[in-house]
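Residue numbers (my numbering): 28 to 496. Remarks on the structure that follows.
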Amino acid sequence: MSQIKYQRTIASEASCTGVGLHTGVETTITFKPAPEDFGIRFKRMDVEGCPEIKADIDHVVDISRGTTIEQNGVRIHTVEHALAACVGIGLDNVLIELSEKEPPIIDGSAVDYVEALLKAGMVKQNAPKNYLHIDEAVGYTDPKRGVDIHIMPSDQFRVTFMLDYDIKTLGTQFTTIDEVEKNFATEIAPARTFCFLSEVEHLKEEGLIKGGNLDGAIVIVDKEIDEQEAKKLEKLFGIKKEVTLGSNGTLGGKEFRFDNEPARHKALDLIGDLALLGMPLQGHVIASKSGHAANVELVKKIKRVYEKKIIQQLPSKNVNKNTMFDINSILGLLPHRYPFVLVDRIVDIVPNESLTAFKNVTFNEPFFQGHFPNQPVMPGVLVLEAMCQAGCFLVLNSVENPMGKNMFFSSLSDAKFRHPIIPGDRLRFEMKLVKFRLGTALLDGKAYVDDKLVAEGLLKATVVDRVGI
Numbered sequence: 028m029s030q031i032k033y034q035r036t037i038a039s040e041a042s043c044t045g046v047g048l049h050t051g052v053e054t055t056i057t058f059k060p061a062p063e064d065f066g067i068r069f070k071r072m073d074v075e076g077c078p079e080i081k082a083d084i085d086h087v088v089d090i091s092r093g094t095t096i097e098q099n100g101v102r103i104h105t106v107e108h109a110l111a112a113c114v115g116i117g118l119d120n121v122l123i124e125l126s127e128k129e130p131p132i133i134d135g136s137a138v139d140y141v142e143a144l145l146k147a148g149m150v151k152q153n154a155p156k157n158y159l160h161i162d163e164a165v166g167y168t169d170p171k172r173g174v175d176i177h178i179m180p181s182d183q184f185r186v187t188f189m190l191d192y193d194i195k196t197l198g199t200q201f202t203t204i205d206e207v208e209k210n211f212a213t214e215i216a217p218a219r220t221f222c223f224l225s226e227v228e229h230l231k232e233e234g235l236i237k238g239g240n241l242d243g244a245i246v247i248v249d250k251e252i253d254e255q256e257a258k259k260l261e262k263l264f265g266i267k268k269e270v271t272l273g274s275n276g277t278l279g280g281k282e283f284r285f286d287n288e289p290a291r292h293k294a295l296d297l298i299g300d301l302a303l304l305g306m307p308l309q310g311h312v313i314a315s316k317s318g319h320a321a322n323v324e325l326v327k328k329i330k331r332v333y334e335k336k337i338i339q340q341l342p343s344k345n346v347n348k349n350t351m352f353d354i355n356s357i358l359g360l361l362p363h364r365y366p367f368v369l370v371d372r373i374v375d376i377v378p379n380e381s382l383t384a385f386k387n388v389t390f391n392e393p394f395f396q397g398h399f400p401n402q403p404v405m406p407g408v409l410v411l412e413a414m415c416q417a418g419c420f421l422v423l424n425s426v427e428n429p430m431g432k433n434m435f436f437s438s439l440s441d442a443k444f445r446h447p448i449i450p451g452d453r454l455r456f457e458m459k460l461v462k463f464r465l466g467t468a469l470l471d472g473k474a475y476v477d478d479k480l481v482a483e484g485l486l487k488a489t490v491v492d493r494v495g496i
């Protein structure tokens with residue numbers, strides 16, 4: 028039997044100050060102890076009310092040269108280094124306060140964060156860690172960009188990263204890290220971010236790297252530098268001394284901390300992005316040429332494939348007692364029967380507020396026999412009906428004596444069908460109860476396939492007494 032591992036937080040506060048890489052703001056990051064099952068959350072101290080943003084894959088809104096999260100209109104840029112520092116050394120519960128909208132980049136690595144956290148000390152908590160054990164391989168591939176990233180079953184969390192640039196300075200690089208918690212501080216945390224000289228001007232034009240300088244990144248020279256280019260770089264980075272090309276192919280001749288430092292930094296970014304799953308992993312991640320976009324896609328896919336297991340492992344206080352209704356539970360409340368039951372499973376419900384449900388669309392659906400049989404497409408009206416059934420479940424869970432009630436839908440507005448739904452798709456319905464007054468409910472329904480919005484509409488329905496009971 029494997030030894031139980033317990034959650035950890037830090038013993039005291041730890042802070043670092045510097046400049047945000049992309050926003051250029053002067054900023055201080057402060058890591059604070061947090062209670063069991065808290066997870067990792069960011070807190071914007073410069074925003075009224077000091078809102079907290081959970082480090083969660085569903086909050087990712089931008090992956091332009093960094094991972095940006097947002098919740099309720101409040102955004103935090105470039106979170107991956109701070110996240111990697113926490114999970115890399117095995118912390119589970121940390122509140123990260125920020126004086127601005129981006130953590131400081133410092134030297135482009137996570138080493139200052141890690142040193143501050145280790146100096147603060149770590150405390151074992153009473154709740155066990157809830158690892159997600161990978162027992163089925165999950166992967167994401169982008170053949171056009173040569174990107175390939177997978178997570179495989181393993182007896183521990185380990186990371187392997189490969190990159191291959193057609194540049195003599197870098198060439199092909201490879202790194203692997205076993206026992207991440209034990210080795211992260213020395214083998215991965217010191218690896219600094221890097222970019223290519225040919226990218227610098229474009230990044231500046233895109234409004235990025237406002238805080239970028241030669242102290243916060245390794246700039247790899249991949250094009251000729253003449254006198255005019257050197258002066259432009261001096262102005263761009265605010266460099267007062269002459270710009271030079273080092274013998275190792277880096278701007279200013281900056282020395283690598285490791286022969287494969289770029290590959291190690293890519294592993295650092297990956298570990299930070301994986302933290303957005305919200306729970307520690309037990310599996311072997313193998314990545315080739317992966318960046319933030321592919322890392323995020325992998326986390327989303329892990330969450331979809333292991334959705335039930337993740338929900339079941341959430342601490343009981345975070346799971347509503349009505350979570351995880353299977354088809355038998357659904358049939359116990361809804362009056363519909365085959366072939367008109369269009370909801371298979373309900374995974375989350377907050378009474379009077381919201382519900383998440385799923386429908387697996389199979390080729391054996393009876394409507395495919397007559398609805399464009401040569402090019403099967405799920406009828407849009409049935410997508411709306413499925414939304415209605417999910418909404419019915421939400422509303423009836425909010426009233427007294429739900430078994431003695433039915434819901435009849437009375438109106439539909441703002442309905443849109445954005446993409447066809449075909450056999451093999453899995454529909455996810457996100458229902459929100461906008462208003463419920465005098466027995467009439469207004470519901471905002473959205474249907475997704477993976478993360479693509481395929482249909483939506485505003486549905487109105489009235490609760491009535493069920494006849495024949």
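Using N, Cα and C, we set each Cβ at its ideal position, and we do this for glycine too.
Taking the Cβ atoms as the reference, L308 lies roughly 7 Å from Y158, within the contact range of under 8 Å. About 6 Å separates the beta carbon of V101 from that of R71, a gap short enough to meet the 8 Å contact definition. The DSSP-derived three-state label of V370 is coil. Pairing L423 with K432, the inter-Cα distance amounts to about 7 Å.
Residue nearest to T105 within the set L303, N120, R172 is L303 (criterion: CA-CA distance). Every unbroken stretch of the alpha helix (DSSP H) spanning 4 or more residues and falling wholly within the stretch 124-166 is given here in chain order: 138-147.
Assigned with DSSP and collapsed to three states, H446 falls in coil, not helix or strand. When only Cα atoms are considered, A82 and E107 end up about 10 Å apart. Distance between M414 and K209, taken at the CA atoms: about 48 Å. At least 9 Å separates the beta-carbon of V410 from that of I357.
The shortest CA-to-CA distance from I176 to any of E226, L297, F390 is the one to L297. In this structure, V491 sits near M434, with a CB-CB distance shorter than 9 Å.
Residue range 53-60 is occupied by the beta strand (DSSP E) that includes P60. L48 sits close to A244, with the two beta carbons spaced by under 9 Å. Across the structure, E124 and I132 are spaced so that their CA atoms are roughly 15 Å apart. One thing to note: L460 has its Cβ within 9 Å of the Cβ of L421.
By the beta-carbon neighbour count (other beta carbons within 10 angstroms, threshold 16), T44 is exposed. In terms of CA proximity to C222, V246 leads the group V246, T389, V494. Look at the beta carbons and you see the stretch 138-153 not touching the stretch 161-175: under three pairs across the two are nearer than 8 Å.
If you draw a straight line from the Cα of P217 to the Cα of G198, it is about 21 Å long.
Rounded to the nearest angstrom, the gap between the Cα atoms of M405 and L439 is 19 Å. By the Cβ-count criterion, H446 is exposed, with fewer than 16 other Cβ atoms from all chains shown falling within 10 Å of its own Cβ. Residue pairing by DSSP places Q309 opposite H160 in a beta bridge. Assignment of beta-bridge partners to T44 by DSSP yields T55. DSSP places M414 inside the alpha helix (DSSP H), whose first and last residues are 407-423. The bridge partners DSSP lists for D169 are V174. DSSP places S39 outside any beta strand (DSSP E), giving it a letter other than H or E. Excluding the 5 residues flanking it on each side, N120 has same chain C-beta neighbours closer than 8 Å at Q34, R35, T36, P60, A61, P62, E63, D64, F65, G66, I67, Q152, in chain order. Closest in C-alpha terms to A384, from the list F188, G280, G418, I178, comes G418.
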